[in-house]
Amino acid sequence: MLLILAMTIAELFTQMSQNLNTVPAAMVDKEKSRLVRAANAGLADFVEALPGIRRRERKTVRLEERLSKNITTTLDSKTIAFDPTWAGQSAHLAKTVAISTDPGRYNRLQALNTLLYAYQGPTGAATMTLSSDAVLLGGLEDVIDGEVMLSWGTGNKTLMHGRPEDWQRDSREYEYSCGQPQRWWVEGLNGISGGAAPQYALRVWPQPEAAYDLAFERRLWPAALTTTMIDSTTELPCLQREEWVLVSLCQYGILSSPLWQGTANKDDAEKDYIRANAWLDKLKGQRADTQRGKLQSKAGY
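Taking the numbering used here, the leading residue of the sequence shown gets 40, the next gets one more, and so forth.
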């Protein structure tokens, strides 16, 4: 199904607030929380009516073989320069890197021309090797629905969920282990952001020693919005013609807010809410099986 992604989380909050006497960014914490609660209630009703194909999508991502690049480094700096300039960095953000002149330090390509940790080797030319051990997921933390499957030319297997028991941040042995991936987990990434919401990545371990395909079901809808996501530019998988339905459902929870302006506008909002529920009832009658028991499961333990 082709979705026209026309609304971001920030735009949803903005449209919900069009009859309030202040904008979301200027609200006090109490009113922000009320706005978010109303949005989550409306989202729950909307998503509940959607067929399974609209709740999640099957994705297959290629974990490429290790890649080497020439860089220029500076002692005590996170900033690096690629030589020649590399336009394809964005596809490799969050991946583990090894720098030839700073081999004892774990690092990642955290942002464009930027490392996670300050470089501690001699200033000058170096070689950076990037491993395909991370896949960016966007702004939703609990985004993987079900199992993660690794496949290669002669076979496939289900990866276990969670870090190794002996994983330690200062353990080079585990961080730089290389081989066929055995485990996966999702982690937040400081510095890689979309709007006000953090970004997350699916990480595999050990680092792939060869090329693999990684398959999983990506949940399209967040479990819950938070006040930190009010300015998020993450797009909601909502058809353009459905925007009024989603806004009407989410707006209903703030009709009693002291920030609401105008009785006539409130009457219109209540009518829109009734129309939106009629739309939901019609859609529910066409619903496919959503495999409710699978949601949030973490296969592979």
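For every residue, glycine included, the Cβ atom is placed at its ideal position computed from N, Cα and C.
Everything numeric in this text was worked out from a predicted model, so none of it was measured.
Span of the beta strand (DSSP E) around residue i
i, result
"Q189", "Inspection of the sequence shows that residue 189 is occupied by Leu rather than by Gln. M188 to W191 is the extent of the beta strand (DSSP E) around L189."
"D270", "No beta strand (DSSP E) holds D270; DSSP gives it neither H nor E."
"K196", "G194 to T197"
"K98", "R95 to L102"
"K108", "L106 to T112"
"I183", "First-last for I183: undefined, no H or E at that position."
"L169", "G163 to L169"
Where the alpha helix (DSSP H) containing residue i begins and where it ends
i, result
"R73", "D68 to A88"
"S287", "E282 to Q290"
"E50", "I48 to M55"
Between the CA atoms of residue j and residue i - distance to the nearest angstrom
i, j, result
"S170", "L228", "17 Å"
"Q54", "V286", "7 Å"
"M46", "L275", "6 Å"
"L59", "C277", "24 Å"
"S216", "A249", "13 Å"
"F52", "L298", "14 Å"
"R144", "L102", "23 Å"
"E96", "V187", "13 Å"
"Q330", "V67", "Note that Q330 has pLDDT 34, beneath the 50 cutoff, so the model's placement of it is unreliable and no number is given."
"L241", "T266", "24 Å"
"G301", "D307", "10 Å"
"L41", "N146", "Annotation note: pLDDT 48 at L41 (below 50); position unreliable, coordinate value reported separately. For L41 and N146, the distance between alpha carbons rounds to 38 Å."
"Q290", "T124", "48 Å"
"K108", "Q238", "25 Å"
"S296", "E309", "14 Å"
"D122", "Y251", "28 Å"
"T135", "D172", "7 Å"
"R93", "G185", "16 Å"
"W244", "Q57", "47 Å"
"I110", "E104", "19 Å"
Proximity to residue i [Cα-Cα], best of the options
i, options, result
"R259", "M188, Q221 and L176", "For clarity, residue 259 is Leu in the given sequence; the question names Arg instead. Comparing Cα-Cα distances from L259 to each of M188, Q221 and L176, the minimum goes to L176."
"T162", "S116, R147 and T193", "S116"
"P142", "V225, W283, E214 and A315", "E214"
"P247", "L189, G185, D270 and T273", "L189"
"A165", "G201, A150 and L114", "L114"
"T273", "L151, R280, P261 and W283", "P261"
"S129", "Q219, K98, V174 and W283", "V174"
"F255", "K98, E70 and V75", "K98"
"T140", "N79, K321, V182 and M167", "M167"
"R280", "S295, A315 and L253", "A315"
"D311", "G194, W283, E204 and S296", "W283"
"L106", "T118, A303, I138 and R93", "I138"
"V182", "K305, F85, R257 and A126", "R257"
Check whether residue i and residue j have beta carbons under 7 Å apart
i, j, result
"L198", "W223", "yes"
"A83", "L319", "no"
"Y156", "T112", "no"
"G81", "L288", "yes"
"I269", "P63", "yes"
"A65", "I293", "no"
"S271", "A49", "yes"
"L322", "V100", "no"
Proximity test, Cβ basis, 7 Å: residue i and chain B
i, result
"Q279", "In the displayed structure, chain B is absent; only one protein chain is listed."
Residues sharing a beta bridge with residue i, DSSP
i, result
"D252", "R101 and S190"
"G143", "For G143, which the question treats as bridged, DSSP gives no partner whatsoever."
"T135", "R147"
"V62", "According to DSSP, which records beta bridges pairwise, V62 is partnered with nothing at all."
"C277", "Answer is none; C277 lacks a bridge partner."
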